[in-house]
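What follows is a single structure, written as structure tokens, with notes after it.
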Amino acid sequence: MVLLRGFLVLVVFFLLGEALRVLAGLPVSGGVLGMVMATFTLMLRGQVSDELAEASRGLISVLVLLITPGVVGVFFIVDQFYGHWTTVIVALIAGTLLSVLTTLWLMKKVSESSAGENSHE
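Numbering of the sequence shown is given in the working numbering, commencing with residue 1263 and proceeding in unit increments.
Shown next, in the form of structure tokens:
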């Protein structure tokens, strides 16, 4: 039941993001908007519920299966990239660098936070 409640939370945020996308006419996926709203909600709460943590663990274990359809889809529209390869390569490099830098920054913040908590014990 815990896992089911966690998935329900994720679905609710997905639906909220989809509603925001449709109402505001944003060119962004409803799933992305929902996860941004979920992130801000978790930041305000300052903790992750057991239900959401359990559902997230289940999804992380099959993350490759969630990404694969998008990668396969690109294979079928590769001819639409003709003349735009410079843009695609710049976007891939910039996205990779931003991901790495964000991960490093986040690891630094978490390790500083953990070190601060351990020094008080």
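We put the CB at the ideal spot given by N, CA and C, even for glycine.
Item checked: Cβ-based neighbour list, Asp1312, same chain, cut-off 7 Å, excluding 5 preceding and 5 following -> Here the set comprises Val1264.
Notebook entry, point to check: Are the stretch 1266-1276 and the stretch 1304-1318 touching by the rule of at least three beta carbon pairs closer than 8 Å?
Noted result: yes
Note to self: Tell me the rounded alpha-carbon separation between Ile1351 and Gly1345.
What the structure shows: 12 Å
Next item on the list: Would you kindly report the start and end of the unbroken alpha helix (DSSP H) that includes Asp1312?
Entry: 1312-1322
Check: Can the beta-carbon of Gly1296 be found less than 8 Å from the beta-carbon of Phe1275?
Finding: yes
Item checked: Host alpha helix (DSSP H) of Pro1331 (start-end) -> Taken as a continuous stretch (DSSP letters only), the alpha helix (DSSP H) holding Pro1331 covers 1325-1338.
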